[in-house]
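Visitor: The sequence shown begins at 80 in this note's numbering and counts up by one. Every residue, glycine too, gets a C-beta built ideally from N, C-alpha and C. Quick one: this structure, given as structure tokens, is what I'll be asking you about.
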Amino acid sequence: MIHMFTKKIYEKRVNTLFSQVEEDIDALILSGTYNILYFTGFDGAIVTVLLREEKPIVIVPRLEYLRARDTIAYGDVIGISPYEADLSSYEKIYTGKTWELAKKILKEKGVDGKIGIDKAEFKVDSYNESLKILDSEFVDITKTVAKLRSIKSEEEVKIIRESINVAEKAMKKAIESLDKGITESEVAAEIDKVLRHNFSDRSFDSIVAFGTNAAYPHAKPGH
């Protein structure tokens, strides 16, 4: 993964978030993929525990452990697996349930008070399990996180402008590729090629639609 921001920026984001929540909240638990990415620079975590004056603790599936360990911008990584298995010496893996590990982490850090969570990002089963296992008072920080993320820094604005330029290059290429007999999938492939060449991720699959297919807002490119 190519990080768009420095470790210092991610650290500043975490500190800013803590400055905007209640003072008696000593830990925050995030489960939203893009929320975790915003504060750590990693996109494959299950949940992340944020602590005051410490690095985030990022809990990832065992399959993601090496990628997380080697590429994360800001945070300490712990892998998790529901199954007992032989571990390599370089792996830091917990066997059990996610919320049992979260409880263990909080206990080790001496956190026994309120916990802030991005509740809107929790799945119902996960939320109910977290309530049962953690047995803590939760404070919803969803709006606080959303507001913080909505205010763009100079670095973010710069990257947004760069992304616009890449998107415009992709659209220009798509238009130039139009010719008799070309398929929707072929045009979509031209778009994707430009995006990948410029190290740009897609928010969703490229949409190219001809004729009656153009009536569908989320049309799937055909052959």
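Excluding the 5 residues flanking residue 245 on each side, which residues of the same chain have their C-beta closer than 6 Å to its C-beta?
Guide: The residue given as residue 245 occupies position 166 in the sequence shown. Within the same chain, residue 245 has close Cβ partners 277, 279.
Visitor: Entirely within the stretch 130-160 and at least 3 residues each: give me those beta strand (DSSP E) ranges in chain order.
Guide: Counting whole runs of 3 or more residues, the stretch 130-160 contains the beta strand (DSSP E) stretches 136-140, 155-160.
Visitor: Counting Cβ pairs, one atom from each stretch, are 3 or more of them under 8 Å apart for the stretch 249-267 and the stretch 220-227?
Guide: no
Visitor: Would the beta-carbon of residue 197 fall within 8 Å of that of residue 94?
Guide: Along the sequence shown, one-based indexing puts residue 197 at 118. Along the sequence shown, one-based indexing puts residue 94 at 15. Result no, Cβ atoms of residue 197 and residue 94 do not sit closer than 8 Å.
Visitor: If contacts are defined as beta-carbon pairs under 8 Å, then residue 263 and residue 288 qualify, I think. What distance do you get, rounded to the angstrom?
Guide: The residue labelled residue 263 in the question sits at position 184 within the sequence shown. The residue labelled residue 288 in the question sits at position 209 within the sequence shown. Contact holds; Cβ gap of about 6 Å.
Visitor: Flag this pair as touching only if the stretch 158-175 and the stretch 194-212 have three or more C-beta atom pairs under 8 Å; answer yes or no.
Guide: No: fewer than three Cβ pairs fall under 8 Å.
Visitor: Are there three or more Cβ pairs, one per stretch, closer than 8 Å when the stretch 134-145 is compared with the stretch 105-122?
Guide: yes
Visitor: Which value, in whole angstroms, describes the spacing of the CA atoms of residue 97 and residue 131?
Guide: Within the sequence shown, the letter at position 18 stands for residue 97. Within the sequence shown, the letter at position 52 stands for residue 131. Cα to Cα, the separation comes out at about 7 Å.
Visitor: Mind checking which residues open and close the beta strand (DSSP E) that includes residue 193?
Guide: Taking the first residue of the sequence shown as 1, we reach residue 193 at position 114. Here the beta strand (DSSP E) through residue 193 covers 193-196.
Visitor: Taking its Cβ as the centre, do 16 or more other Cβ atoms sit within 10 Å of residue 301, making it buried, or is it exposed?
Guide: Position 222 of the sequence shown, counting from 1, holds the residue named residue 301. Residue 301 is exposed by the Cβ-count criterion.
Visitor: Report yes if the CB atom of residue 285 is closer than 8 Å to the CB atom of residue 267, and no otherwise.
Guide: In the sequence shown, the residue the question calls residue 285 occupies position 206. In the sequence shown, the residue the question calls residue 267 occupies position 188. Yes, Cβ-Cβ distance for residue 285 and residue 267 is below 8 Å.
Visitor: With residue 78 as the anchor, note down where its alpha helix (DSSP H) starts and where it stops.
Guide: Coverage of the chain is limited to positions 80 through 302, which leaves residue 78 absent and any answer about it impossible.
Visitor: Assign residue 184 to one of two classes, buried (16 or more other C-beta atoms within 10 Å of its C-beta) or exposed (fewer than that).
Guide: Position 105 of the sequence shown, counted from the first residue, corresponds to residue 184. Under this definition residue 184 is a buried residue.
Visitor: Within 10 Å of its beta-carbon, does residue 275 have 16 or more other beta-carbons around it, so buried, or fewer, so exposed?
Guide: For the purposes of this step, residue 275 is identified with residue 196 of the sequence shown, where counting begins at 1. Exposed, since its Cβ has fewer than 16 Cβ neighbours within 10 Å.
Visitor: Taking the straight line between their C-alpha atoms, what separation do you get for residue 214 and residue 152?
Guide: To locate residue 214, count along the sequence shown from 1; it is residue 135. To locate residue 152, count along the sequence shown from 1; it is residue 73. Going from the Cα of residue 214 to the Cα of residue 152 covers about 31 Å.
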